[in-house]
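Asker:
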Amino acid sequence: MSLAKHPIALGYRIVPIDPQAHLFEVVLRVANPEPSGQLFSLPAWIPGSYLIRDFARQIVTIEARSRGKPLRLEKRDKHTWQAAPCQGVLELRYRVYAWDLSVRGAHLDATHGFFNGASVFLRVHGRESEACGVRIDPPPGAEFPHWRVATTLPPAGAPEFGFGDYQAGDYDELLDHPVEMGDFALASFEAGGARHDIALTGRHDTDFARLSADLRAVCATQVRFFEPRTRSAPMTRYLFLVDAIGDGYGGLEHRASTALICSRNGLPYPGMTGLPPAYRKFLGLASHEYFHTWNVKRIKPQVFAPYELARESHTRLLWVFEGFTSYYDDLLLLRSGVLGVEDYFEALGETIANVMRGPGRALQSVTASSFDAWSRYYRQDENSPNAIVSYYTKGALVALALDLTIRQRSAGKRSLDDVMRHLWRRFGRAFERVGAGLEEGAFPAELEAVTGLKLGRQIRAWTEGTADLPLTRLLRGAGVKLALHAATKGGALLGAKLVTRAGALEIATAYSDGPAERAGLAGGDVIIAADGLRVDEAGLQALLERRRAGQKLRLHAFRRDELLACEVVLAAPPPSEPKLTLEARASAAALRLRDGWLATPRRRRR
Ligand SMILES: [Zn+2]
144 MSLAKHPIAL GYRIVPIDPQ AHLFEVVLRV ANPEPSGQLF SLPAWIPGSY
194 LIRDFARQIV TIEARSRGKP LRLEKRDKHT WQAAPCQGVL ELRYRVYAWD
244 LSVRGAHLDA THGFFNGASV FLRVHGRESE ACGVRIDPPP GAEFPHWRVA
294 TTLPPAGAPE FGFGDYQAGD YDELLDHPVE MGDFALASFE AGGARHDIAL
344 TGRHDTDFAR LSADLRAVCA TQVRFFEPRT RSAPMTRYLF LVDAIGDGYG
394 GLEHRASTAL ICSRNGLPYP GMTGLPPAYR KFLGLASHEY FHTWNVKRIK
444 PQVFAPYELA RESHTRLLWV FEGFTSYYDD LLLLRSGVLG VEDYFEALGE
494 TIANVMRGPG RALQSVTASS FDAWSRYYRQ DENSPNAIVS YYTKGALVAL
544 ALDLTIRQRS AGKRSLDDVM RHLWRRFGRA FERVGAGLEE GAFPAELEAV
594 TGLKLGRQIR AWTEGTADLP LTRLLRGAGV KLALHAATKG GALLGAKLVT
644 RAGALEIATA YSDGPAERAG LAGGDVIIAA DGLRVDEAGL QALLERRRAG
694 QKLRLHAFRR DELLACEVVL AAPPPSEPKL TLEARASAAA LRLRDGWLAT
744 PRRRRR
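Remember, our numbering sits 143 above the position in the sequence shown when you count from 1.
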């Protein structure tokens, strides 16, 4: 469509008007507004992050004008305004306070600017399916001459990485291309027929050659995973927006980009050898968000098609969309060759340990955890490990259990990979045309359609029940030994998760029915002494290593400003630390299964 012939009736202009005050100014022009009163609102949440965030609370000023004159603007609820009466072109001008250094909101200072559409672009009610123009302007004045723009918003005249005019096909698209501005570093590579850029913000000493090579391997592997025949990516361009800070971790998926926050020490540096744990974690995050390009951005739960952004939108399927993505993020690092089998087993062991540590896994299923993401997973407190299970980690284990089950029952002919490709063909590839998503209870039928296996009862038991998954047995069938060891060599258990906050040793969680809880300790208590001696975290751990189950430990702690003294009867540490190893004497069938499952590049060539 030619823009000149079909003038766009909705236009946004955004300016980082005052970086020091962290203010973006947005001007929204609407041709032909609803004459009796035009409604505008900001989303209450951003897709991919299931928490009500009420972005509208950061709008600090807002005014409406029409035909050069001020217009009455009435606030209707926490995030909705109405301008009335409207004639001709309506213009809204508002300022947004941007001081959320996360991948979910907006942030602006003299070093850079970042925003998600959900936190800055008001929705024009009734006009959601219309195309709109987006002018992104530089900060006023001459103070920031080197600032550029990184976004996958389609350009409409803006030069590459430049300020200027962009566009979006509809409001949903407008929200799905975050924008970074500043003096970022850039690297590019090609994968799946699409150009991939990395825009890296922050202070860092990154080895871009290593970073690009590793990400290219991961991206190419994922494209081949979903499109083994065409090997073509579902987008024409992809952008990794990376913000390196002192300490941070987070990512949010979008249709053609992802915003990542990481600690600068998690990025590769010149001369780095091997795969340090912090970099493995970064690659896992990048792989996770990239996998979402297919799984949740295009294959979606039906309830997200379209998104209801004014209030919570519940689905019981986050174990598929987040859990399966968590399963494949590490597995595809292995298959791309950036991770070795030992590294992969270590990562998988951490996932298993994460699930095993939480007593809440006996109380909540992954379907319930998905449904309650808004009020429980995303709003965790000191009791969460006792009360909930993560649809990420347990969902990843459900994926593993299903993958191994399908491989075993089909003698290696089918796998969860086939199920993912089936979901992709059925829902994802055509999503933009058809708009259909996965219905809440439809997963078992989709699995059966491609594998011929009736696993409905099994899937329900694993996803609606709370029993531990039979991973030891399933892994043995794939030539992998899963052994559980105690976390410490000998020693005794306090039954609490400890953290050091501002130099103080604090109980983060007193685990259900554990020694600390039974002795009267609770989350938030600050431990100051053990057996009459001042302790820090390392000191207390050392003390626990020297004790045995059944022995007593005298603890002094503060609850608020009140001193508590209690005697903890220590317990035996449970075997909760998983160790995965290749089974030396596996059967030929198990070895075949293992090769198909792990499919490391070396094996594939053989
Ligand atoms: Zn995710």
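All C-beta atoms in this analysis are idealised placements derived from N, C-alpha and C, irrespective of residue type, glycine included. This one's a predicted model, so the numbers in the text were calculated from it and none came from an experiment.
1) Report whether the distance from the Cβ of residue 431 to the nearest heavy atom of ligand 1 is below 7 Å.
2) How big is the Cα-Cα spacing for residue 743 and residue 703?
3) Closer than 8 Å by C-beta to residue 327: which residues in its own chain qualify, once you throw out the five before and the five after it? Chain order, please.
4) Beta-carbon within less than 6 Å of residue 300's beta-carbon, same chain only, minus the 5 sequence neighbours each way: which residues are those?
5) Under the assumption that residue 234 contacts residue 172 (Cβ atoms under 8 Å), give the Cβ distance between them as a whole number of angstroms.
6) Under a Cβ-count criterion, where at least 16 other Cβ atoms within 10 Å of its own Cβ denotes burial, should residue 224 be classed as buried or exposed?
7) Could you please give the first and the last residue of the uninterrupted beta strand (DSSP E) stretch that includes residue 213?
8) Measuring only the C-alpha atoms, how far is residue 426 from residue 409?
9) State the Cα-Cα distance for the pair residue 741 and residue 477, rounded to the nearest angstrom.
10) Between which two residues does the beta strand (DSSP E) containing residue 463 stretch?
11) Could you check whether the segment 712-723 touches the segment 629-645, counting it as contact only if at least three pairs of C-beta atoms, one from each stretch, sit closer than 8 Å?
12) Output needed for residue 208: all residues of its chain with C-beta closer than 7 Å, excluding positions within five of it in sequence on either side, in chain order.
13) Is residue 435 close to ligand 1? I mean its beta-carbon at under 7 Å from any heavy atom of the ligand.
14) Please classify residue 542: is it buried, with 16 or more other beta-carbons within 10 angstroms of its beta-carbon, or exposed?
15) Using the Cα positions of residue 683 and residue 302, report the straight-line distance between them to the nearest angstrom.
16) Per DSSP, residue 311 forms a beta bridge with which residues?
17) Within 8 Å, do at least three Cβ pairs link the segment 328-339 to the segment 276-288?
18) In three-state DSSP terms, what is residue 438?
19) Would residue 166 and residue 247 be called neighbours here (beta carbons separated by less than 8 Å)?
20) Would you kindly report the start and end of the unbroken alpha helix (DSSP H) that includes residue 303?
21) Let me make sure I understand the geometry here. Which of 669, 658, 655, 614 has the alpha-carbon closest to that of residue 644?
22) Within a Cβ cutoff of 8 Å, which residues of the same chain sit near residue 665, ignoring the five residues on either side of it in sequence?
23) Output the boundary residues of the alpha helix (DSSP H) element that contains residue 485.
24) Check each candidate in 699, 622, 673 and name the one with the smallest Cα separation from residue 776.
25) Under the three-state reduction of DSSP, which class applies to residue 724: helix, strand or coil?
26) Excluding the 5 residues preceding and the 5 following residue 443 in the sequence, name in chain order all residues of the same chain whose CB lies nearer than 6 Å to its CB.
27) Quick check for students: name the residue ranges of the beta strand (DSSP E) that lie wholly in the segment 596-650, counting only runs of 3 or more.
28) Look at residue 504 and residue 719 and say whether their C-beta atoms are less than 8 Å apart.
29) When you compare the CB positions of residue 159 and residue 415, do they come within less than 8 Å of one another, or not?
30) Which residue comes first and which comes last in the alpha helix (DSSP H) that contains residue 514?
31) Restricting to runs no shorter than 3 residues, where is the beta strand (DSSP E) found entirely within the segment 244-288?
32) Buried or exposed for residue 730, please, with buried defined as at least 16 other CB atoms from any protein chain shown within 10 angstroms of its CB.
33) What residues in its chain sit with their C-beta under 6 Å from that of residue 260, if we drop five residues either side in the sequence?
34) Tell me, please, whether the segment 584-592 touches the segment 449-458 by the rule of three or more beta-carbon pairs shorter than 8 Å.
Answerer: In terms of the structure at hand:
1) Counting from one through the sequence shown, the residue named residue 431 turns up at place 288. Ligand 1 approaches residue 431 closely enough that one of its heavy atoms is under 7 Å from the residue's Cβ.
2) As a working mapping, residue 743 is identified with position 600 in the sequence shown. As a working mapping, residue 703 is identified with position 560 in the sequence shown. Cα to Cα, residue 743 sits roughly 53 Å from residue 703.
3) The count along the sequence shown starts at 1 and reaches residue 327 at position 184. 255, 291, 293, 342, 343, 344.
4) Taking the sequence shown and counting its residues from 1, one reaches residue 300 at position 157. Hits under 6 Å: 307, 308.
5) Residue mapping note: residue 234 aligns to position 91 of the sequence shown, counting from 1. Residue mapping note: residue 172 aligns to position 29 of the sequence shown, counting from 1. About 5 Å separates the two Cβ atoms, so the contact holds.
6) If you number the sequence shown from 1, residue 224 lands on position 81. Buried, by the Cβ-count rule.
7) For the purposes of this step, residue 213 is taken as the residue at position 70 of the sequence shown. Taken as a continuous stretch (DSSP letters only), the beta strand (DSSP E) holding residue 213 covers 212-220.
8) Locating residue 426 in the sequence shown gives position 283, where the first residue counts as 1. Locating residue 409 in the sequence shown gives position 266, where the first residue counts as 1. When rounded, the distance between both Cα atoms is 9 Å.
9) The residue labelled residue 741 in the question sits at position 598 within the sequence shown. The residue labelled residue 477 in the question sits at position 334 within the sequence shown. Looking at the two C-alpha atoms, the distance is approximately 7 Å.
10) Within the sequence shown, numbered from 1, the residue matching residue 463 stands at position 320. Element bounds for residue 463: n/a, residue is neither H nor E.
11) Flag = yes, the segment 712-723 and the segment 629-645 touch.
12) What you label residue 208 is simply residue 65 of the sequence shown in a count that begins at 1. Excluding residues up to 5 positions away in sequence, 214, 234 lie with their Cβ nearer than 7 Å to the Cβ of residue 208 in the same chain.
13) Your numbering for residue 435 matches position 292 in the sequence shown. Indeed, a heavy atom of ligand 1 lies less than 7 Å from the Cβ.
14) To locate residue 542, count along the sequence shown from 1; it is residue 399. Buried, since its Cβ has 16 or more Cβ neighbours within 10 Å.
15) As a first step, residue 683 must be located in the sequence shown, where it is residue number 540. As a first step, residue 302 must be located in the sequence shown, where it is residue number 159. When rounded, the distance between both Cα atoms is 59 Å.
16) Residue numbering aside, residue 311 sits at position 168 when the sequence shown is read from its first letter. According to DSSP, residue 311 shares a beta bridge with 275.
17) By the Cβ criterion, the segment 276-288 is not in contact with the segment 328-339, since fewer than three pairs of Cβ atoms, one from each stretch, lie closer than 8 Å.
18) Stepping through the sequence shown from its first residue, residue 438 is reached at position 295. Correct three-state label for residue 438: strand.
19) Mapped onto the sequence shown, residue 166 falls at position 23. Mapped onto the sequence shown, residue 247 falls at position 104. Contact flag unset, no.
20) Sequence index remark: in the sequence shown, residue 303 carries index 160 (1-based). Neither: residue 303 is in no alpha helix (DSSP H) and is coded neither H nor E.
21) Residue 644 sits at position 501 when you count from the first residue of the sequence shown. Checking every option, the nearest Cα to that of residue 644 belongs to 669.
22) Here the question's residue 665 lines up with position 522 in the sequence shown. Around residue 665: 525, 650, 653, 702.
23) Your numbering for residue 485 matches position 342 in the sequence shown. Here the alpha helix (DSSP H) through residue 485 covers 484-500.
24) Any answer about residue 776 is impossible in this case: the structure gives the chain only from 144 up to 749.
25) As a working note, residue 724 is residue 581 in the sequence shown. Correct three-state label for residue 724: strand.
26) As a position in the sequence shown, residue 443 is number 300, starting the count at 1. Cβ within range, chain order: 580.
27) Segments of the beta strand (DSSP E) lying fully in the segment 596-650: 623-629, 639-644.
28) For the purposes of this step, residue 504 is taken as residue 361 along the sequence shown, with counting starting at 1. For the purposes of this step, residue 719 is taken as residue 576 along the sequence shown, with counting starting at 1. The Cβ atoms of residue 504 and residue 719 do not sit closer than 8 Å to each other.
29) Taking the sequence shown and counting its residues from 1, the one referred to as residue 159 is at position 16. Taking the sequence shown and counting its residues from 1, the one referred to as residue 415 is at position 272. Taking 8 Å as the cut-off, the Cβ atoms of residue 159 and residue 415 do not count as close.
30) Along the sequence shown, one-based indexing puts residue 514 at 371. Residues 509-514.
31) Listed in chain order, the complete beta strand (DSSP E) runs (minimum 3 residues) inside the segment 244-288 are 249-251, 255-258, 275-279.
32) Working through the sequence shown from its first residue, we reach residue 730 at position 587. Residue burial is scored here from C-beta neighbours: residue 730 has fewer than 16 other C-beta atoms within 10 angstroms and is therefore classed as exposed.
33) Taking the sequence shown and counting its residues from 1, one reaches residue 260 at position 117. If the five residues before and after residue 260 are omitted, its C-beta is found closer than 6 Å to the C-beta atoms of 317, 318, all from its own chain and listed in chain order.
34) The count of Cβ pairs closer than 8 Å, one atom from the segment 584-592 and one from the segment 449-458, stays below three, leaving the stretches out of contact.
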